[in-house]
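Visitor:
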Amino acid sequence: MTFTNMTVPLIITFILLFGMFRRADLTGEFTAGASEGLKTAAELIPILVLVMTAVGMFGASGASAHLAGVISPLAKKLGFPQECIELALIRPVSGSGAIASLDELYTRISPDSFAGRTAAVLMSSTETTFYTIAVYSAAMTKKLGSRVFIAAAAADITGFILSPLMVRLFIR
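Quick note on numbering: the UniProt record's numbering labels position 8 of the sequence shown as 8, and the sequence is numbered without any gaps.
#1: Quick check: the segment 123 to 132 against the segment 156 to 166, are at least 3 beta-carbon pairs closer than 8 Å?
#2: Just to confirm my understanding: we take V148, look at its own chain, exclude 5 residues before and 5 after, and list those with CB closer than 8 Å. What are they?
#3: Note down, in chain order, each residue of its chain lying with its Cβ closer than 8 Å to the Cβ of V135, except the 5 sequence neighbours on either side.
#4: Between which two residues does the alpha helix (DSSP H) holding F14 run?
#5: Going by DSSP, what residue range makes up the alpha helix (DSSP H) through A32?
#6: Suppose you measure from the CA of S101 to the CA of T27; what does that come to, to the nearest Å?
#7: Can you tell me whether I85 is buried or exposed? The criterion is at least 16 other CB atoms within 10 Å of its CB, across all chains shown.
#8: For I161, which three-state DSSP category applies?
#9: I believe P164 touches T118 by the beta-carbon criterion, under 8 Å. Please report the beta-carbon distance rounded to the nearest angstrom.
#10: Please state whether DSSP places S72 in a helix, a strand or coil.
#11: Which of helix, strand or coil does DSSP assign to D103?
#12: What distance in whole Å lies between the Cβ atoms of G97 and I90, which are believed to be in contact at a cut-off of 8 Å?
#13: Nearest-angstrom Cα distance between P111 and F18?
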């Protein structure tokens, strides 16, 4: 058995031994932590339902295709592949939606094409920003300010713009 395979069991063993050494009520602490985790999960369910519903409606209504058409001329001027526009629109909102969009993209074009490589770089250099902000806001008592949203959106836009450039510079 390799060290990598033993990492999680070693961490769990260390935590248990440390708790026993400190004479902590391990069962009580575990139960309290699990209870708190369930309460947090219950608080997050409404926001997750909202985000998933909005993502579904965005795609099913044709709004994403329409918005992609509107953005297309600007994307072309920036050298951004037309095939990746819908992926860039869905990525900040839904990770699973972005993966489905990437899978659909790869059925139409080669993963080794410029657009395919740009999509891969885009996926690895951006985050599900709106989803993450929504989850953290729901879990925190203090609400996140607009500065967090602006900074996260700026980071995503930077990732979108630089993805094709990085492919041109380093991968082609």
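Quick reminder that beta carbons are idealized off the backbone N, C-alpha and C, glycines included.
No experiment lies behind these values; they were computed from the predicted model shown.
Guide: For this structure:
#1: Inter-segment contact for the segment 156 to 166 and the segment 123 to 132 is present: three or more beta-carbon pairs are separated by less than 8 Å.
#2: Along the sequence shown, one-based indexing puts residue 148 at 148. Only I133 meet the Cβ criterion.
#3: By 1-based counting over the sequence shown, the position of residue 135 is 135. The beta carbon of V135 lies closer than 8 Å to those of L44, I47 and L48 in the same chain, with the five residues before and after it left out.
#4: As a first step, residue 14 is located in the sequence shown; it is residue number 14 there, counting from the start. In the DSSP annotation of this structure, the continuous segment of the alpha helix (DSSP H) that includes F14 starts and ends at F3 to F21.
#5: Along the sequence shown, one-based indexing puts residue 32 at 32. In the DSSP assignment, A32 falls within the alpha helix (DSSP H) that extends over L26 to A60.
#6: Taking the sequence shown and counting its residues from 1, one reaches residue 101 at position 101. Taking the sequence shown and counting its residues from 1, one reaches residue 27 at position 27. The straight-line gap separating the alpha-carbon atoms of S101 and T27 is approximately 44 Å.
#7: Residue 85 sits at position 85 when you count from the first residue of the sequence shown. Taking every protein chain shown into account, the CB of I85 has 16 or more other CB atoms within 10 angstroms, so this residue is buried.
#8: For the purposes of this step, residue 161 is taken as residue 161 along the sequence shown, with counting starting at 1. Helix.
#9: Walking along the sequence shown from the start, residue 164 turns up at place 164. Walking along the sequence shown from the start, residue 118 turns up at place 118. A Cβ-Cβ separation of about 5 Å places P164 in contact with T118 under the 8 Å criterion.
#10: Here residue 72 is taken as the residue at index 72 of the sequence shown, counted from 1. Three-state result, S72: helix.
#11: On the sequence shown, residue 103 is found 103 positions in, with the first residue counted as 1. Helix, per DSSP.
#12: Stepping through the sequence shown from its first residue, residue 90 is reached at position 90. Stepping through the sequence shown from its first residue, residue 97 is reached at position 97. Rounded to the nearest angstrom, the Cβ distance from I90 to G97 is 5 Å, consistent with a contact under 8 Å.
#13: Taking the first residue of the sequence shown as position 1, residue 111 is located at position 111. Taking the first residue of the sequence shown as position 1, residue 18 is located at position 18. Distance between the alpha carbons of P111 and F18 is about 48 Å.
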